[in-house]
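Per full-length UniProt numbering: the sequence shown = residues 1 to 199.
Every residue, glycine too, gets a C-beta built ideally from N, C-alpha and C.
First up is the structure itself, then whatever we jot down about it.
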Amino acid sequence: MKKTARAAAPDGDTPGPAFQSVGPRIKALRRLRNMTVEELADAVGVHKAHVSRLERSLKTPSIHILARLAKALGTSMGNLVGETLDKADIKVTRGTELSPGYAVAEPEQHRIAPLLHGASVGSFEAFIVHPGQSGGNIQAQHEGQEMLYVLAGTIDVIFNERTERLQAGDCIHFPGYLNHRIARVGRAQARALLVLSTD
Numbered sequence: 001m002k003k004t005a006r007a008a009a010p011d012g013d014t015p016g017p018a019f020q021s022v023g024p025r026i027k028a029l030r031r032l033r034n035m036t037v038e039e040l041a042d043a044v045g046v047h048k049a050h051v052s053r054l055e056r057s058l059k060t061p062s063i064h065i066l067a068r069l070a071k072a073l074g075t076s077m078g079n080l081v082g083e084t085l086d087k088a089d090i091k092v093t094r095g096t097e098l099s100p101g102y103a104v105a106e107p108e109q110h111r112i113a114p115l116l117h118g119a120s121v122g123s124f125e126a127f128i129v130h131p132g133q134s135g136g137n138i139q140a141q142h143e144g145q146e147m148l149y150v151l152a153g154t155i156d157v158i159f160n161e162r163t164e165r166l167q168a169g170d171c172i173h174f175p176g177y178l179n180h181r182i183a184r185v186g187r188a189q190a191r192a193l194l195v196l197s198t199d
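Shown next, in the form of structure tokens:
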């Protein structure tokens, strides 16, 4: 008689293919709820090093630990192992819900419309940016990474000792700690997708 596979291996076993996504899901849900590894470990009743190993897929949680993780993260066990879809995982912002964009104090010509709003969306933020012709006097600097994809027009991304000119269809990616500013080139309207990671 053929043996059926166990639903989950005991803690300490190497994760099988069916459980490879559990670690990343735990990490994503923890970040979505603004919890630290230590806070999640306390809620589950294990050491923070154990949660860290689970998130890195170095261990597979037992059914007992999986149940505690699901409760602490406000989700179901099925969602943690990828068997069910949590509706909160997918967020759609309709065009009619987007604001026309708000002006930034400096430079005033820039308009930014957030694509993601409301509840926390995890480790990134996204905006539609309408740059003005002036790059302004403020040098932007932030944690994480930044990506700018030009949807229309021409945009300069100005660094301390270098300027990159981007046309529609061009994309630039750089660490947020670099001092930078953006400016529209010419009179034609410009529009870009701006994605910021918060990690």
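Under DSSP, Thr75 shares a beta bridge with no residue.
Take Gln189, set aside five residues on each side of it, and the residues of its chain with a beta-carbon closer than 8 Å to its own are His130, Ala152 and Gly153, in chain order. Leaving aside the five residues that flank Gly186 on each side, the residues in its chain whose CB is nearer than 7 Å to its CB run, in chain order, Thr154. Around Leu40, the same chain offers Arg30, Val51 and Ala72 as residues with beta carbons nearer than 7 Å, after the five sequence neighbours per side are excluded.
Every unbroken stretch of the alpha helix (DSSP H) spanning 4 or more residues and falling wholly within the UniProt domain "HTH cro/C1-type" (26-80) is given here in chain order: 37-44, 48-55, 63-73 and 77-80. Only buried fits Pro61, as 16 or more other CB atoms lie within 10 angstroms of its CB. Per DSSP, the continuous beta strand (DSSP E) segment holding Leu196 begins and ends at Arg191 to Ser197. When secondary structure is reduced to three states using DSSP, Val185 falls in the coil class, being assigned neither helix nor strand.
The residue from Arg53, Ser57 and Val46 with its alpha-carbon nearest to that of His64 is Val46. Assignment of Pro24 by DSSP, reduced to helix, strand and coil, places it in the helix class. Among the bridge pairs identified by DSSP, Pro114 is matched with Phe127.
Nearest to Cys171 by C-alpha distance, out of Ser197, Thr163, Leu148 and Ala28, is Leu148.
When DSSP states are grouped into helix, strand and coil, Glu146 belongs to the strand group. In this structure Thr163 is exposed. Its beta-carbon is surrounded by fewer than 16 other beta-carbon atoms within 10 angstroms. The Cβ neighbour count for Leu80, taken over all protein chains shown within 10 Å, is at least 16; the residue is labelled buried.
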